[in-house]
Amino acid sequence: MRARLTFLLPVLALLALLPAQAHAAGKPSAKTLYADGPEGRYLMDGEWLFRLDNADQGVKQRLMRQTSKSGWKAVKVPNVWNLGDPSNASMAGGIGWYRKDFQLPSASAALDWAIRFESVNYRSKVWLNGRPIGENTGAYIPFQFQLSGLKRTGTNRLVIRVDSRRKPTDFPPSGLNTEGVPTGGWWNYGGIQREVYLQKLDTVDYKDVLVRPVLPCANCASDVQMKLTLRNVSSGGKRIKVTGTYGNRSVNLGTKTMGPGAIAAFSDTLRIAKPQLWSPQHPHLYKVHFTVTANGRKVSGYDLHSGIRSIKVSNGHLILNGQALNFRGVGLHEDSKADGFAIDDARREQLLKDAKELGATVIRTHYPLHPYTHELADRLGLLIWSEIPVYSVKTQYLKLKSVRQLAIKELGKNIAANQNHPSVMLWSIGNELSSQPGPVQNAYIKAAAKFAKETDPTRPVGIAVAGYPSSLCQAASYAPLDVLGINDYFGWYPGPNGQIFDRTKLSVYLDAVHACYANKAIVITEFGAEANRDGPVEEKGTWAFQQDWVNFQLNTFATKPWLSGALYWALNEFWVRPGWDGGDPRPQPPVFQKGLITYDGVRKPAWADVQRWFTQTQQLVPATGGT
Numbered sequence: 028m029r030a031r032l033t034f035l036l037p038v039l040a041l042l043a044l045l046p047a048q049a050h051a052a053g054k055p056s057a058k059t060l061y062a063d064g065p066e067g068r069y070l071m072d073g074e075w076l077f078r079l080d081n082a083d084q085g086v087k088q089r090l091m092r093q094t095s096k097s098g099w100k101a102v103k104v105p106n107v108w109n110l111g112d113p114s115n116a117s118m119a120g121g122i123g124w125y126r127k128d129f130q131l132p133s134a135s136a137a138l139d140w141a142i143r144f145e146s147v148n149y150r151s152k153v154w155l156n157g158r159p160i161g162e163n164t165g166a167y168i169p170f171q172f173q174l175s176g177l178k179r180t181g182t183n184r185l186v187i188r189v190d191s192r193r194k195p196t197d198f199p200p201s202g203l204n205t206e207g208v209p210t211g212g213w214w215n216y217g218g219i220q221r222e223v224y225l226q227k228l229d230t231v232d233y234k235d236v237l238v239r240p241v242l243p244c245a246n247c248a249s250d251v252q253m254k255l256t257l258r259n260v261s262s263g264g265k266r267i268k269v270t271g272t273y274g275n276r277s278v279n280l281g282t283k284t285m286g287p288g289a290i291a292a293f294s295d296t297l298r299i300a301k302p303q304l305w306s307p308q309h310p311h312l313y314k315v316h317f318t319v320t321a322n323g324r325k326v327s328g329y330d331l332h333s334g335i336r337s338i339k340v341s342n343g344h345l346i347l348n349g350q351a352l353n354f355r356g357v358g359l360h361e362d363s364k365a366d367g368f369a370i371d372d373a374r375r376e377q378l379l380k381d382a383k384e385l386g387a388t389v390i391r392t393h394y395p396l397h398p399y400t401h402e403l404a405d406r407l408g409l410l411i412w413s414e415i416p417v418y419s420v421k422t423q424y425l426k427l428k429s430v431r432q433l434a435i436k437e438l439g440k441n442i443a444a445n446q447n448h449p450s451v452m453l454w455s456i457g458n459e460l461s462s463q464p465g466p467v468q469n470a471y472i473k474a475a476a477k478f479a480k481e482t483d484p485t486r487p488v489g490i491a492v493a494g495y496p497s498s499l500c501q502a503a504s505y506a507p508l509d510v511l512g513i514n515d516y517f518g519w520y521p522g523p524n525g526q527i528f529d530r531t532k533l534s535v536y537l538d539a540v541h542a543c544y545a546n547k548a549i550v551i552t553e554f555g556a557e558a559n560r561d562g563p564v565e566e567k568g569t570w571a572f573q574q575d576w577v578n579f580q581l582n583t584f585a586t587k588p589w590l591s592g593a594l595y596w597a598l599n600e601f602w603v604r605p606g607w608d609g610g611d612p613r614p615q616p617p618v619f620q621k622g623l624i625t626y627d628g629v630r631k632p633a634w635a636d637v638q639r640w641f642t643q644t645q646q647l648v649p650a651t652g653g654t
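According to the numbering used here, the sequence shown holds residues 28 to 654 in order.
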């Protein structure tokens, strides 16, 4: 026995020198953080590794090929590396590397696999086992790469280089203010902001899934258009069949022979004579499931939830299922003090619970929301003003054709990702571009609106603009749009040459907006005042001033029956940029303090005022014309 132990000691010592991850990597979990989507998704949870690389030496050091854990620290993903750092350098962005060592859930040679990132900010390069597999630019919208060079057994090493340094041509763009402080609309959190999935691919992959209810009128039958676009990822030709269910109805989307690498669309249309409509009061959802077979064998399934409803603009008003909207809602950011933009589902649930309790029927932010937030909105009856982060892009950059094309590409990705959610009420192509649009912005608006309407003819298209009297009546520029959002800060900011300093001028301004854009639905997309302390009602930044200000605003909106709605900006406090004051003479940068809920989760006194107005407002009224 002693001789055997003497023999084993050198072997044990040698094993101790081997990289720990070679035998410690686990398998991802067979679970997801949201329901709708393909079967066979595995959450890449557990330990990830991270390291900063602000000197940009990682590629030279070949971090994508490292096996040692030296220099890396353990983190959980989602993760943002500059959480709690309010410095200029933090806002400007940097470079970080993430690594995930994992084993496949199945070693079957018949399966292929893909990796799906829900949101990475901002530029990503991905390697698997030292080999590059793809690149992506942009945050808030998922992207996916099929994995090549996989080890069927043993440890695979996924590495992603994240560069959060933004350019003036990005969405939102970077820049420096007059004090030389980095800008960007909201805090530039670098990292893998949302979760990552390993996706099993058995014979086919989903390129696009469309379930589109078409409801001509509130009492009409509805057609439900269904279209699945699949790619054959196998090495042989296959006879592919797609069937499914919509509620308790069966559908057959057809059978086609697909060669290796071929892409084919499968479609069907279902007529529902007496649909149960989705609305904020009754958010009825139909369960949808698709089954894909190859040569008679099931290879994949796809689940989603569909709501039948119509939303359009008629006689200058947003009409939902034949009723005119007079909604009240809130802007929000998927942010928290604890996690920055790397929040979990519990935080999303809290945000939407707060919105509902406030009396809101609409939510908005400046970028596509997380899929689970969309699912919650579907279930809770919250409409979404769905916007891409084309925020405050300067004309000198928007004039570049490549920038406008990228913006429209961003719009297309948002539509593809979120078109099946009944909660999405319109597609917004941007926010606060130049308030006096010229040929450059006109070209973008025309092209983006045309693209959105061709891609999804069932939803209106809008934009949000800064509400200045000097920019009134840009009818020709906004002609391609259905909805115009006005960001109203009368009585809070002075505006150019003090033109919005006096809040009593708001009513006349809004009437002039209505007169100029009589055929467009007008929405107040933002109104809000900072508040962080006790003090007199006359002093900006006090609880009392905020209360008085929101009451004045909401009272003014109540006198405009032609308004389609108003959104308080914002529900929750969040980080903006270093030095942010938001018009408050005693600010607490970088926190945006117009929120009705503090960064620590405390409701401000104005919460009760807004809630009273929201809950007492009839947000859906019988339409006087059109359906």
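Heads up, the beta-carbon is just placed ideally off N, CA and C, and yes, glycines get one too.
These figures come from a predicted structure and were not determined experimentally.
Own chain, CB closer than 7 Å to residue i, minus 5 neighbours either side, in chain order
| i | result |
| --- | --- |
| Asn81 | Gly121 and Ile122 |
| Val564 | Ala571, Phe572 and Asp575 |
| Pro523 | Tyr495 and Ser497 |
| His50 | Confidence at His50 is low in this model, with a pLDDT of 38, below 50, so the placement of that residue is unreliable and no value is reported for it. |
| Glu206 | Gly606 |
| Ile160 | Val153, Trp154, Phe172, Leu174 and Ser175 |
Reduced DSSP secondary structure (H/G/I, E/B, other) of residue i
| i | result |
| --- | --- |
| Asn348 | coil |
| Phe619 | strand |
| Phe572 | helix |
| Tyr660 | Look at the range of the chain in this structure, 28 to 654, and you will see that residue 660 is not part of it. |
| Gln226 | strand |
| Trp596 | coil |
| Asn524 | helix |
| Phe144 | strand |
| Trp124 | strand |
| Gln638 | helix |
| Thr485 | coil |
| Phe584 | helix |
| Asp362 | coil |
| Thr284 | strand |
Selection from the options that minimises the alpha carbon distance to residue i
| i | options | result |
| --- | --- | --- |
| Arg150 | Asp139, Asn163 and Asn348 | Asn163 |
| Pro169 | Asp139, Pro632, Leu407 and Arg221 | Arg221 |
| Thr422 | Ile415, Pro416, Arg431 and Val231 | Arg431 |
| Ala166 | Leu185, Pro200, Arg158 and Lys178 | Pro200 |
| Ser95 | Phe77, Val107 and Asp83 | Phe77 |
| Arg158 | Thr230, Ala101 and Gln93 | Gln93 |
| Ala476 | Thr256, Val231 and Ile415 | Ile415 |
| Asn412 | Tyr424, His393, Val420 and Lys426 | Note on residue identity: the sequence assigns Trp, not Asn, to residue 412. Residue His393 is the option with its Cα nearest to Trp412. |
| Glu557 | Arg406, Trp519 and Gly218 | Trp519 |
| Glu376 | Tyr505, Arg406 and Thr642 | Arg406 |
Exposure label - residue i; buried when at least 16 CB within 10 Å
| i | result |
| --- | --- |
| Arg613 | exposed |
| Ala479 | buried |
| Asn591 | It should be pointed out that residue 591 corresponds to Ser in this sequence rather than to Asn. Counting Cβ neighbours within 10 Å, Ser591 comes out buried, since at least 16 surround it. |
| Asp509 | buried |
| Ser135 | exposed |
| Lys428 | exposed |
| Val86 | exposed |
| Arg276 | exposed |
| Val451 | buried |
| Leu131 | buried |
| Pro588 | exposed |
Beta-carbon contacts of residue i that lie in its chain and below 8 Å, excluding the five residues immediately before and after
| i | result |
| --- | --- |
| Val630 | The identity of residue 630 in the sequence shown is Arg, whereas the question assumes Val. These residues qualify, in order along the chain: Leu623 and Ile624. |
| Gln638 | Glu384, Leu385 and Gly386 |
| Gly64 | Tyr329, Asp330, Leu331 and Pro398 |
| Pro113 | Trp602, Pro605, Pro616 and Pro617 |
Strand pairing of residue i, partner residues [DSSP]
| i | result |
| --- | --- |
| His332 | Lys314 |
| Ser68 | It should be noted that the sequence gives Arg, not Ser, for residue 68. Gln226, per the DSSP bridge assignment. |
| Gln252 | Arg239 and Thr296 |
| Gly161 | Val153 |
| Glu553 | Asn514 |
| Ile624 | Asn599 and Arg630 |
| Ile411 | Ile390 and Val451 |
| Asn13 | The displayed coordinates of the chain run from 28 to 654. Any statement about residue 13 would go beyond what the structure contains. |
| Tyr273 | Arg276 and Val315 |
Beta-carbon proximity list for residue i, same chain, < 6 Å, skipping 5 on both sides
| i | result |
| --- | --- |
| Ala30 | With a pLDDT of 43 at Ala30, under the threshold of 50, the modelled position of this residue cannot be trusted, and the question is left open. |
| Glu145 | Pro169, Arg221 and Glu222 |
| Arg179 | Ala134 |
| Val210 | Checking the sequence, you will find Thr at residue 210 rather than Val. Hits under 6 Å: Gly202, Asn204 and Arg604. |
| Ile446 | First, the amino acid is wrong: residue 446 is Gln here, not Ile. These residues qualify, in order along the chain: Asp483. |
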